[in-house]
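Per our numbering: the sequence shown = residues 5 to 272.
All residues carry an ideal CB built from backbone N, CA and C; glycine is no exception.
Heads up: the structure comes next, in structure tokens.
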Amino acid sequence: MRPYVHGYDNIESGRLRDQADTLADLLHHDSVYPPGAHILEAGCGVGAQTIHLAGRNPHAVITSVDISADSLAQAQSAIDARGIRNVTFQQADLLHLPFETQRFDHVFVCFVLEHLPDPAQALRALLPMLKPGGTITAIEGDHGSAYYHPASEAAQRCIKCLVELQARIGGDSLIGRQLYPLLLNAGYRQVAVSPRMVYVDDSRPDLVQGFTRNTFTAMVAGVRDQALAASLIDPASWERGIADLRRTADGGGTFCYTFFKGTGVAAE
Ligand SMILES: C[S@@+](CC[C@H](N)C(=O)[O-])C[C@H]1O[C@@H](n2cnc3c(N)ncnc32)[C@H](O)[C@@H]1O
């Protein structure tokens, strides 16, 4: 299995769930497919998005795959705990899926392409899974889209450490802005990208906690040891940057971040 910059520990599993729950309406209000649709979720992780996908599509048939057996076990528990019955999990590499071609009406891939060395290859590998006229949804963030008040050079340096570490293991955390050309060049038709901006201020304590603190700042703070080990930053600058990121979640702070939701259609 390839290294994954955020790791597979319990803190990261909780962060993925916080992220999914906080962003569910913003990202998934339109993740709705016809009853009976067969949906393939590629890279489901601990099932954080699966829960929302299944919740919004109770009459769809969902197959969720991931390369990590541990994550799949957590995903299965999460689904069982909610009494969800329309999801089947399977361990598989999305680059070499064990399904016959043209099996699915829809492919759903969320926060996965950013971790792959060749996201175009992944999108090309997913295309034959779709029936003619079937659709894909790809959702990604873009760490270059983060801006906040109070502004901070030190915080910016911490974010750049994460971007650099992810790039060093073959990922790309600036991928959101690339979804349109990626989908188009992979062979999808009618490609459209919808930017989804999270804006957080004191009037939204749920987002202050769920997004600024528990999703974004937690994600950056999580690579502290890797950033210091790689000498990308000195410890004092790191602590200052993380403190400044946390400051944006205190009274008077604000935070903006943009996700990108791309859709495309397989040729008829
Ligand atoms: C950031 S997690 C996102 C999980 C989930 N989609 C979510 O949004 O919470 C990325 C997931 O992609 C999985 N992954 C990475 N490469 C994969 C591959 N080649 N095939 C299947 N899954 C893969 C990882 O194991 C991990 O669970």
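Among the candidates Ala-24, Leu-134 and Pro-199, whose CA atom is the shortest distance from the CA of Val-269?
Leu-134
Is the beta carbon of Leu-117 less than 7 angstroms from the beta carbon of Glu-144?
yes
Phe-220 (DSSP reduced to helix, strand or coil):
helix
Should Gln-53 be labelled buried (16 or more other beta-carbon atoms within 10 Å of its own) or exposed?
buried
DSSP puts Val-3 in a beta bridge; with which residues?
The chain is shown from 5 up to 272; residue 3 falls before or after that span and cannot be answered.
Using a 10 Å radius around the Cβ and a threshold of 16 neighbouring Cβ atoms, would you call Ala-96 buried or exposed?
buried
Closest by CA to Gly-266, which one among Gln-106, Arg-244, Gly-245 and Ala-196?
Ala-196
Need the endpoints of the alpha helix (DSSP H) that Pro-136 sits in, please.
Counting along the chain, Pro-136 falls outside any alpha helix (DSSP H), though it belongs to the beta strand (DSSP E) covering 134–144.
With 16 as the cutoff for other CB atoms within 10 Å, does Asp-70 come out buried or exposed?
buried
Beta-carbon spacing of Tyr-151, Cys-48 below 7 angstroms
no
According to DSSP, is Cys-165 helix, strand or coil?
helix
Reduced DSSP category for Ser-156 - H, G, I as helix; E, B as strand; rest coil
coil
Inter-residue CB distance, His-100 and Thr-139 (contact presumed, cutoff 8 angstroms):
Not a contact, Cβ separation roughly 22 angstroms.
Between Val-91 and Ser-68, which are expected to be in contact by the criterion C-beta below 8 angstroms, what is the C-beta distance as a whole number of angstroms?
6 angstroms
For a test of the three-state rule: what should DSSP assign to Ile-43, helix, strand or coil?
strand
Whole beta strand (DSSP E) elements within the stretch 57–103, 3-residue minimum:
65–70 and 91–95
For a quick check, are the C-beta atoms of Ala-158 and Ser-241 less than 7 angstroms apart?
yes
Among Arg-200, Gly-256 and Glu-272, whose alpha-carbon lies nearest the alpha-carbon of Phe-264?
Arg-200
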